[in-house]
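>
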Amino acid sequence: MESQSHMDLTSPPGVSVDGNTTVAPLNETSRMVKEGISGHIVASSVWFFVGFMYILSALRRFYVRQQTDQKFVSSVEFPLDFLSGRFRNFPFIAVFKIVGASVYLSIEIIATIVREPGCIETPVWQHETMATIFLMSGVVDMITLKTEGLNILPDGTDYLVFSLTFGIQVLQFYFHLEGRPPLGARLHALQALLAAMCTLALLMEAKYRSHVMMPVIRGYCIMAQGTWMMNLMFILYHPHSREQTWDLYAHESVDLVSLMFVYHLIMDMLLVLVVNLLFVRAYSRPRCSYKFVPQTDSYDYNGKRQVLAMEKLTR
184 MESQSHMDLT SPPGVSVDGN TTVAPLNETS RMVKEGISGH IVASSVWFFV
234 GFMYILSALR RFYVRQQTDQ KFVSSVEFPL DFLSGRFRNF PFIAVFKIVG
284 ASVYLSIEII ATIVREPGCI ETPVWQHETM ATIFLMSGVV DMITLKTEGL
334 NILPDGTDYL VFSLTFGIQV LQFYFHLEGR PPLGARLHAL QALLAAMCTL
384 ALLMEAKYRS HVMMPVIRGY CIMAQGTWMM NLMFILYHPH SREQTWDLYA
434 HESVDLVSLM FVYHLIMDML LVLVVNLLFV RAYSRPRCSY KFVPQTDSYD
484 YNGKRQVLAM EKLTR
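Residue numbering for the sequence shown follows this note's numbering, beginning at 184 and increasing consecutively.
Written out as structure tokens, the structure reads:
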């Protein structure tokens, strides 16, 4: 899910391939930039929120199961089981994936109708394809949750479709590099790397579903896609400045972007650690409960035999 950038063009805006300057309408360029910014904001927000919710849901399930001495088993979709009634089994994250992908597709389709009276450019099809498979993954997650136990879909179908989603992103981002300046190529290459990490994390989780770190790593990689996509948008579109603030061909710019990518990974990891510490604190507080004391442990009270007593436990 990524909107078309004005850097998608092989030659700079306003300059033709033979070197003769062409005059592009200012309102046309401005509209394309606004469309690119809105598309990147939607895509990055959806990725960040979905990844963050996976982390929260996985950690909560793990610590709740730990308190009740139950085995942790991961899943692609985590229902809101802390709610009551009909919302207890509601596929909130899957619905958010569907809505987010639909909003992105709407932006792309409307922009295409307004901007492209004729043939649709290949990058537009690439972006819409990534959004469509992301939407399909949300639908499969919803079906898997709502038909649990009916075996309508083979076990692991949700993992397969979700991993295919990011596998397609790897291919699209990789072939998205052709004709780009070095800086744009590096930005999208790192985005492709994150998509590959998501694919690998999902395939590993499908095999090792009893390990809590698998869904946490999955959520972390998806969340990192969101933060990096937002950073990519600020570099390519510079929304707060009408001037290009980055040298697209400078070696220093490419090196700096690679360093920024590392800092993104570190900051996202720190966020995961903070969230885990909050869960540890929330689920390690002393809890009071009661149990029946066996008859052999009962005692006389005011001359009467207490067959059943209750003992307060603190753990």
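Glycine included, C-beta positions come from ideal geometry on N, C-alpha and C.
1. Using alpha carbons as the reference points, say which of 365, 324, 353, 320 lies closest to residue 418.
2. Among 251, 294, 229, 458, which has the Cα closest to the Cα of residue 399?
3. Does the CB of residue 455 have a neighbour CB from chain B at under 8 angstroms?
4. Is the distance from the Cβ of residue 353 to the Cβ of residue 330 below 8 angstroms?
5. So is residue 262 buried or exposed if we call it buried at 16+ other beta carbons inside 10 Å?
6. Quick one, are the C-beta atoms of residue 311 and residue 347 less than 8 angstroms apart?
7. Measuring straight from C-alpha to C-alpha, what distance separates residue 372 and residue 320?
8. How far does the alpha helix (DSSP H) with residue 405 in it reach, from first residue to last?
9. Counting C-beta neighbours from all protein chains within 10 Å, is the total for residue 337 16 or more, i.e. buried, or is it exposed?
10. By how many angstroms is the C-alpha of residue 231 removed from the C-alpha of residue 409?
11. Which class does residue 382 belong to by DSSP, given the choice of helix, strand or coil?
12. Report, in whole angstroms, the separation of the C-beta atoms of residue 462 and residue 244, which I expect to be a contact under 8 angstroms.
13. Hey, quick one: how far does the alpha helix (DSSP H) through residue 448 stretch, first residue to last?
For this structure:
1. Position 235 of the sequence shown holds residue 418. Looking at the Cα atoms, 365 is the closest of the given residues.
2. In the sequence shown, the residue the question calls residue 399 occupies position 216. Cα-wise, what sits closest to residue 399 is 458.
3. Annotation note: the requested chain B is absent from the structure, which comprises a single protein chain.
4. Translated into positions along the sequence shown, residue 353 becomes position 170. Translated into positions along the sequence shown, residue 330 becomes position 147. Contact: no.
5. As a position in the sequence shown, residue 262 is number 79, starting the count at 1. Buried is the call here.
6. Counting from one through the sequence shown, the residue named residue 311 turns up at place 128. Counting from one through the sequence shown, the residue named residue 347 turns up at place 164. Not a contact, by the Cβ cut-off of 8 angstroms.
7. Along the sequence shown, one-based indexing puts residue 372 at 189. Along the sequence shown, one-based indexing puts residue 320 at 137. Roughly 24 angstroms separates the two Cα atoms.
8. Here residue 405 refers to the residue found at position 222 of the sequence shown. Here the alpha helix (DSSP H) through residue 405 covers 396-420.
9. Within the sequence shown, residue 337 is the residue found at index 154, counting from 1. The residue in question, residue 337, is exposed, as its Cβ has fewer than 16 Cβ neighbours within 10 Å.
10. Position 226 of the sequence shown, counted from the first residue, corresponds to residue 409. Position 48 of the sequence shown, counted from the first residue, corresponds to residue 231. The straight-line gap from Cα to Cα measures roughly 4 angstroms.
11. Counted from its first residue, the sequence shown places residue 382 at position 199. Correct three-state label for residue 382: helix.
12. Counting from 1 along the sequence shown, the entry for residue 462 is found at position 279. Counting from 1 along the sequence shown, the entry for residue 244 is found at position 61. Wrong, their Cβ atoms sit about 10 angstroms apart, outside the cutoff.
13. Position 265 of the sequence shown, counted from the start, is the residue given in the question as residue 448. Residues 434-465.
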